[in-house]
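Those letters in the sequence shown? Residues 16 to 444, by the working numbering.
Think of the CB as a built atom: it goes at the ideal place given N, C-alpha and C, for glycine as much as any other residue.
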Amino acid sequence: MKHRGRHRRRRQGRAVRAFLAGTALALTAAATMISASQATVGDNPGALEPLTRDAETRALRLQEQLVPQTTLDELASGMGKPVGVRAVLESADRSLRTASGCTADERTALPVAPAATRAYCWDAADTRNWRAGAVTTSGDADDDGWWNDNRVLLSGWSRGTADRGFARVAFVDANDLDHLTYASALLVVPVDGGRDYRALSSRLTGMVWYQDKLLVTAADGLYVYDMNRVQRTTVDSPAVGRVGDGWSAHGQRFVLPAVGSYRLNGTGTAPRLGAVSLDRSTAPDSLVASEWTPADSEEHSRLWRYDFSKDPARAGLPATDATGSASAVEAYETEASGIRGLLAHRADGTERSDWYLGRAPGATDRQGSLWRQDTEGAEATRCGSENAPRCWGVQAGPLSYWEATGEVWSQSGRMLFAVPLTSIDRALG
Numbered sequence: 016m017k018h019r020g021r022h023r024r025r026r027q028g029r030a031v032r033a034f035l036a037g038t039a040l041a042l043t044a045a046a047t048m049i050s051a052s053q054a055t056v057g058d059n060p061g062a063l064e065p066l067t068r069d070a071e072t073r074a075l076r077l078q079e080q081l082v083p084q085t086t087l088d089e090l091a092s093g094m095g096k097p098v099g100v101r102a103v104l105e106s107a108d109r110s111l112r113t114a115s116g117c118t119a120d121e122r123t124a125l126p127v128a129p130a131a132t133r134a135y136c137w138d139a140a141d142t143r144n145w146r147a148g149a150v151t152t153s154g155d156a157d158d159d160g161w162w163n164d165n166r167v168l169l170s171g172w173s174r175g176t177a178d179r180g181f182a183r184v185a186f187v188d189a190n191d192l193d194h195l196t197y198a199s200a201l202l203v204v205p206v207d208g209g210r211d212y213r214a215l216s217s218r219l220t221g222m223v224w225y226q227d228k229l230l231v232t233a234a235d236g237l238y239v240y241d242m243n244r245v246q247r248t249t250v251d252s253p254a255v256g257r258v259g260d261g262w263s264a265h266g267q268r269f270v271l272p273a274v275g276s277y278r279l280n281g282t283g284t285a286p287r288l289g290a291v292s293l294d295r296s297t298a299p300d301s302l303v304a305s306e307w308t309p310a311d312s313e314e315h316s317r318l319w320r321y322d323f324s325k326d327p328a329r330a331g332l333p334a335t336d337a338t339g340s341a342s343a344v345e346a347y348e349t350e351a352s353g354i355r356g357l358l359a360h361r362a363d364g365t366e367r368s369d370w371y372l373g374r375a376p377g378a379t380d381r382q383g384s385l386w387r388q389d390t391e392g393a394e395a396t397r398c399g400s401e402n403a404p405r406c407w408g409v410q411a412g413p414l415s416y417w418e419a420t421g422e423v424w425s426q427s428g429r430m431l432f433a434v435p436l437t438s439i440d441r442a443l444g
């Protein structure tokens with residue numbers, strides 16, 4: 016695919032490995048003091064229960080609805096020629112501070128064990144009243160970790176209510192890990208045949224950048240954005256959409272207009288989509304998803320996956336049948352609730368996937384927990400004198416695996432951080 020420029024960059028492979036190099040950060044804080052209330056071990060979710068009957072997986076079917084090309088063309092006609100990721104990165108004028116420049120209070124949001132090897136805190140003024148909710152990277156977009164000539168982190172943020180809310184994506188220039196800068200684009204949905212757009216009014220719970228598409232989970236389903244269709248705004252105002260002869264995006268300089276959406280429409284009890292991530296260890300690559308349930312509840316959650324299409328004309332989209340329906344190719348039930356981050360990964364030479372679940376802290380807990388689960392049982396990272404499982408971030412956030420570097424990226428509170436997957440596996444025993 017010409018937008019990836021893969022072959023001319025293979026000689027840079029060793030440089031990508033340097034992306035992982037570095038010594039683990041000395042990220043200690045009051046969070047290392049694990050209270051007795053966190054010593055609960057009764058929340059072990061046990062083994063995954065496979066869901067194999069059609070009656071069990073029917074509710075997981077996604078129905079595709081793509082935005083007509085004429086609508087996208089109309090929007091581009093009004094706003095001007097779309098730009099790409101490079102244009103957003105070139106305008107990056109906000110900085111993330113490295114861990115040493117973050118306050119002690121900010122660092123307490125980080126995991127206790129395993130410790131982060133990279134950590135950054137966001138511009139406080141720029142993120143005030145916004146809630147972090149999703150992470151993906153150019154390591155998802157392309158297996159060599161590059162998008163054209165850049166390494167990029169994407170961070171999703173939400174604010175407001177379901178009917179008067181906003182969602183945006185921060186494009187982080189990750190070419191120099193000691194100096195991260197970013198700019199943001201508002202997520203929007205074309206309306207009126209492309210003559211206007213509205214804000215995506217939903218809290219983001221998951222995000223995957225695969226090939227040239229960005230898939231985002233919202234309260235009412237899964238939205239798809241084309242990374243080659245970033246549009247510039249022309250008016251700086253609180254409004255969203257067409258403003259007189261210009262275009263506004265609640266103060267953001269760019270918008271990403273949706274090119275499609277998916278709704279869970281299977282019969283039975285359809286889950287609310289929660290976390291999503293990319294799994295490159297399957298053939299074809301797959302999108303894994305979890306059900307959103309409240310933390311501390313007794314509700315069981317479902318975990319499942321969809322194959323990505325192998326059709327070049329459907330790059331970055333799930334595989335669908337003749338009716339535009341995407342069916343789950345694998346599904347499980349877990350006793351875990353409050354899943355906020357999800358990974359599935361199959362080690363080389365094995366046929367069984369490990370499922371990693373980042374779980375939100377309960378009402379009496381300070382830290383979240385990180386579990387690895389399969390059809391035989393579950394293990395958690397543990398820490399403190401009580402050997403408690405509550406060792407993950409204060410706000411258990413998304414999990415995104417950058418295969419080329421071996422790192423898992425996540426967010427907790429105002430902290431963006433990375434942990435090698437090998438460190439997670441060692442901590443799990």
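Pick from 84, 236, 357 that is closest to residue 285, judged by C-alpha positions: Taking the first residue of the sequence shown as position 1, residue 285 is located at position 270. Minimum Cα distance to residue 285 is reached at 236.
Secondary structure of residue 434, DSSP reduced to three states: In the sequence shown, counting from the first residue as 1, residue 434 sits at position 419. Note: residue 434 maps to strand in three-state DSSP.
Distance CB(residue 404)-CB(residue 386) smaller than 9 angstroms: Residue mapping note: residue 404 aligns to position 389 of the sequence shown, counting from 1. Residue mapping note: residue 386 aligns to position 371 of the sequence shown, counting from 1. Yes, the pair counts as a contact, with Cβ atoms nearer than the cut-off.
Straight-line gap, residue 239 to residue 275 (C-alpha atoms, nearest Å): The sequence position of residue 239 within the sequence shown is 224, counting from 1. The sequence position of residue 275 within the sequence shown is 260, counting from 1. Looking at the two C-alpha atoms, the distance is approximately 5 angstroms.
For residue 369, three-class secondary structure by DSSP: Within the sequence shown, numbered from 1, the residue matching residue 369 stands at position 354. The answer is strand: DSSP assigns residue 369 an E or B state.
Range covered by the alpha helix (DSSP H) that runs through residue 141: Translated into positions along the sequence shown, residue 141 becomes position 126. Where residue 141 is concerned, the enclosing alpha helix (DSSP H) stretches over 139-142.
Exposed unless 16 or more other CB atoms sit within 10 angstroms - verdict on residue 170: For the purposes of this step, residue 170 is identified with residue 155 of the sequence shown, where counting begins at 1. It counts as buried.
Rounded separation between residue 149 and residue 134 - CA only: Here residue 149 refers to the residue found at position 134 when the sequence shown is read from its first residue. Here residue 134 refers to the residue found at position 119 when the sequence shown is read from its first residue. Each residue's alpha carbon lies about 16 angstroms from the other.
Cβ pair residue 153, residue 145 closer than 9 angstroms: Stepping through the sequence shown from its first residue, residue 153 is reached at position 138. Stepping through the sequence shown from its first residue, residue 145 is reached at position 130. Result no, Cβ atoms of residue 153 and residue 145 do not sit closer than 9 angstroms.
Cβ neighbours of residue 51 in the same chain (closer than 6 angstroms, five flanking residues each side left out): Translated into the one-based positions of the sequence shown, residue 51 becomes position 36. Because the pLDDT at residue 51 is just 33, under 50, the model does not fix this residue reliably, and the value given afterwards should be weighed accordingly. None.
Own chain partners of residue 109 with C-beta closer than 6 angstroms, once the 5 adjacent residues on each side are dropped: Taking the sequence shown and counting its residues from 1, one reaches residue 109 at position 94. Cβ within range, chain order: 138, 141, 197.
Assumed close pair residue 411, residue 375 - CB separation to whole angstroms, cut-off 8 angstroms: Here residue 411 refers to the residue found at position 396 of the sequence shown. Here residue 375 refers to the residue found at position 360 of the sequence shown. Going by Cβ atoms, the distance from residue 411 to residue 375 rounds to 5 angstroms, so yes, they are a contact pair.
Anticipated Cβ contact below 8 angstroms, residue 434 with residue 357, distance rounded: Mapped onto the sequence shown, residue 434 falls at position 419. Mapped onto the sequence shown, residue 357 falls at position 342. That belief does not hold up - the Cβ atoms of residue 434 and residue 357 are roughly 15 angstroms apart, past 8 angstroms.
Cross-strand partners of residue 101 (DSSP beta bridge): Position 86 of the sequence shown, counted from the start, is the residue given in the question as residue 101. Beta-bridge pairing links residue 101 to no other residue.
First and last residue of the uninterrupted beta strand (DSSP E) at residue 332: To locate residue 332, count along the sequence shown from 1; it is residue 317. Note, residue 332: premise wrong, no beta strand (DSSP E); not H, not E.
Pairwise C-alpha distance: residue 151 and residue 187: On the sequence shown, position 172 is the one that residue 187 refers to. On the sequence shown, position 136 is the one that residue 151 refers to. Spanning the two alpha carbons is a distance of roughly 11 angstroms.
Closest residue to residue 399 among 246, 60, 127, 64 (Cα-Cα distance): If you number the sequence shown from 1, residue 399 lands on position 384. Checked all of 246, 60, 127, 64; the closest Cα to residue 399 is 127.
Option in 348, 424, 338 with minimal Cα separation from residue 60: Residue numbering aside, residue 60 sits at position 45 when the sequence shown is read from its first letter. The shortest C-alpha separation from residue 60 is found at 348.
Whether residue 354 touches residue 396 by CB criterion (9 angstroms): Looking up residue 354 in the sequence shown gives position 339. Looking up residue 396 in the sequence shown gives position 381. No.
Distance between residue 363 and residue 268 (C-alpha atoms, nearest Å): Reading the sequence shown from its first residue, position 253 is the one you call residue 268. Reading the sequence shown from its first residue, position 348 is the one you call residue 363. Taking the straight line from one Cα to the other gives about 43 angstroms.
Given residue 443 as reference, the closest of 208, 257, 406 once Cα atoms are compared: Within the sequence shown, the letter at position 428 stands for residue 443. Closest by alpha carbon: 406.
Cβ-Cβ separation, residue 189 to residue 166 (assumed contact under 8 angstroms), whole Å: Stepping through the sequence shown from its first residue, residue 166 is reached at position 151. Stepping through the sequence shown from its first residue, residue 189 is reached at position 174. Contact holds; Cβ gap of about 4 angstroms.
Coil, strand or helix - residue 87 by DSSP: Mapped onto the sequence shown, residue 87 falls at position 72. If DSSP states are grouped into helix, strand and coil, residue 87 belongs with the helices.
Residue environment, residue 252, which counts as buried when at least 16 other CB atoms sit within 10 Å: Translated into the one-based positions of the sequence shown, residue 252 becomes position 237. Flag for residue 252 reads exposed.
Local conformation of residue 189 per DSSP, three classes: Start at 1 with the first residue of the sequence shown, and residue 189 comes out as number 174. In this structure, residue 189 counts as coil in the three-state DSSP scheme.
At least three beta-carbon pairs within less than 8 angstroms, the region 319-326 to the region 243-263: no
DSSP state of residue 72 mapped onto helix, strand, coil: Translated into the one-based positions of the sequence shown, residue 72 becomes position 57. Helix.
For residue 159, the nearest candidate out of 426, 440, 420 (CA to CA): For the purposes of this step, residue 159 is taken as residue 144 along the sequence shown, with counting starting at 1. Nearest of 426, 440, 420 to residue 159, Cα basis: 420.
Buried/exposed call for residue 429, threshold 16 Cβ in 10 Å: Working through the sequence shown from its first residue, we reach residue 429 at position 414. Result: buried.
With 16 other Cβ atoms within 10 Å as the buried cut-off, status of residue 88: Taking the sequence shown and counting its residues from 1, one reaches residue 88 at position 73. Counting Cβ neighbours within 10 Å, residue 88 comes out exposed, since fewer than 16 surround it.
Burial state of residue 384, where buried means 16 or more other Cβ atoms lie within 10 Å: Reading the sequence shown from its first residue, position 369 is the one you call residue 384. Classification for residue 384: buried.
CA nearest to the CA of residue 277, picked from 246, 147, 335: As a first step, residue 277 must be located in the sequence shown, where it is residue number 262. When only C-alpha atoms are compared, the closest one is 335.
Contact check, residue 290 vs residue 76, beta carbons under 9 angstroms: Taking the sequence shown and counting its residues from 1, one reaches residue 290 at position 275. Taking the sequence shown and counting its residues from 1, one reaches residue 76 at position 61. Not closer than 9 angstroms, so no.
Sub-9 angstroms separation of residue 78 and residue 243 beta-carbons: Locating residue 78 in the sequence shown gives position 63, counting from the first residue. Locating residue 243 in the sequence shown gives position 228, counting from the first residue. It is not a contact, given that the beta carbons lie outside the stated cut-off.
Assumed close pair residue 382, residue 409 - CB separation to whole angstroms, cut-off 8 angstroms: Counting from one through the sequence shown, the residue named residue 382 turns up at place 367. Counting from one through the sequence shown, the residue named residue 409 turns up at place 394. About 6 angstroms separates the two Cβ atoms, so the contact holds.
Beta-carbon gap between residue 245 and residue 271 smaller than 9 angstroms: In the sequence shown, residue 245 corresponds to position 230, counting from 1. In the sequence shown, residue 271 corresponds to position 256, counting from 1. Taking 9 angstroms as the Cβ cut-off, residue 245 and residue 271 qualify as a contacting pair.
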